[in-house]
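Here's the structure we're looking at; comments come further down.
In my numbering, the protein residues as written are 19 to 336.
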């Protein structure tokens, strides 16, 4: 049976996945990079070191499928832009190229952002080739982009971005200040569930962009003041993010004919999903989310993308 391999070596996770082109089933393995308590992330050299150590372990769990692989998809860079580069992705890219040469199968290079997008499309395959908006919120990215297609490949153009830190960085910096383990998204979400809606930090008022540096500075001061509980601070931070996103998207005057996909680790948050869904219903926008397990870093999108590219090329050749 034809199977397709996806590889992603990001700032947070080493991952590989197999997509079965006949059944649509996904087999995956991933390992979160280790960050020492109190730290707010890793250097690129630390990421590369951990990815190199993790790759053999990851593939040990997927090697039964290797002989059936017909194509490989890999995250080769963060975003599909000329200035987008990150050494961590070279580990996955190198691994994909070695396997491609050894197995004599094509290697399809995607961006990490495209991988996240395709992981969502994997659940909604009718969106493949359709004009879309994609909002990518993670530790390294805070973008709203317009997706068009050409020859089964995404053509991405910017709509909105962050002027400073991302929503993911905002969450992680506050989370670490509250004593949570990096990355802090899941713990902050659990903490916020105990909040009493008593803390309302400000949101930045900027046009055609997002900004979280100002709110983060204020929240850090409020943490030091000890006037608010950790639970209320966590809840207030998530409310700030939701309010900022909705305000920005409302001003963006989105084309309702395009579907809207929300991706990235931040979008695993249930509260943010609920707020965005209410926004979409109010303005008649078709909103889609990846499964929570595919919102965080994974390689399923690359495996699915390799399948779709391989299938289209095979049909073209016939």
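Where is the CB? At the ideal position from N, CA and C, for every residue including glycine.
On a predicted model such as this, the values are computed, not experimentally measured, just so you know.
Check residue i in the structure and name its three-state DSSP category.
| i | result |
| --- | --- |
| residue 298 | helix |
| residue 53 | coil |
| residue 164 | strand |
| residue 171 | strand |
| residue 114 | helix |
| residue 136 | helix |
| residue 176 | strand |
| residue 104 | coil |
| residue 303 | coil |
| residue 221 | coil |
| residue 33 | strand |
| residue 43 | coil |
| residue 200 | coil |
| residue 211 | coil |
| residue 58 | coil |
| residue 282 | coil |
| residue 311 | helix |
| residue 335 | Because the pLDDT of residue 335 is 48, which lies under 50, any placement of that residue in the model is unreliable, and the question is left without a value. |
| residue 293 | helix |
| residue 48 | strand |
| residue 158 | coil |
List the whole-angstrom C-beta distance separating residue i from residue j, where the pair is believed to meet the contact cut-off of C-beta under 8 Å.
| i | j | result |
| --- | --- | --- |
| residue 87 | residue 123 | 6 Å |
| residue 317 | residue 282 | Their Cβ separation, rounded to whole angstroms, is 15 Å, which puts residue 317 and residue 282 out of contact at 8 Å. |
| residue 240 | residue 30 | Actually they do not touch by this definition, with Cβ atoms about 27 Å apart. |
| residue 328 | residue 22 | 7 Å |
| residue 73 | residue 118 | The Cβ separation is near 15 Å, so there is no contact. |
| residue 32 | residue 76 | 6 Å |
| residue 305 | residue 295 | 6 Å |
| residue 39 | residue 289 | So it is not a contact: roughly 36 Å between Cβ atoms. |
| residue 321 | residue 84 | About 13 Å; that fails the 8 Å criterion. |
| residue 249 | residue 209 | 6 Å |
Which residues bound the alpha helix (DSSP H) around residue i?
| i | result |
| --- | --- |
| residue 67 | 62-78 |
| residue 190 | 185-195 |
| residue 231 | 231-243 |
| residue 261 | 248-269 |
What residue does the beta strand (DSSP E) around residue i start on, and which one ends it?
| i | result |
| --- | --- |
| residue 155 | 150-155 |
| residue 145 | Where residue 145 is concerned, there is no enclosing beta strand (DSSP E), given that its DSSP letter is neither H nor E. |
| residue 23 | 21-27 |
| residue 126 | 125-129 |
| residue 89 | 87-95 |
Touch test, the segment 225-232 against the segment 178-188, Cβ-Cβ under 8 Å, three pairs minimum: A contact exists between the segment 225-232 and the segment 178-188.
Do the segment 129-136 and the segment 89-100 touch if we need at least three Cβ pairs shorter than 8 Å? yes
Taking three-plus beta-carbon pairs below 8 Å as touching, is the segment 138-146 in contact with the segment 110-125? no
Meets three-Cβ-pair contact criterion under 8 Å: the segment 147-166 and the segment 263-278: Counting C-beta pairs with one atom in each stretch, the segment 147-166 and the segment 263-278 have three or more that are closer than 8 Å, which means they touch.
Assess, as a yes-or-no matter, whether the segment 243-261 is touched by the segment 201-216 under the definition of 3 or more beta carbon pairs within less than 8 Å. yes
Does the contact criterion of 3 or more C-beta pairs under 8 Å hold for the segment 143-151 versus the segment 192-204? no
Could you tell me whether the segment 48-64 touches the segment 196-204, using the rule of 3 or more Cβ pairs below 8 Å? yes
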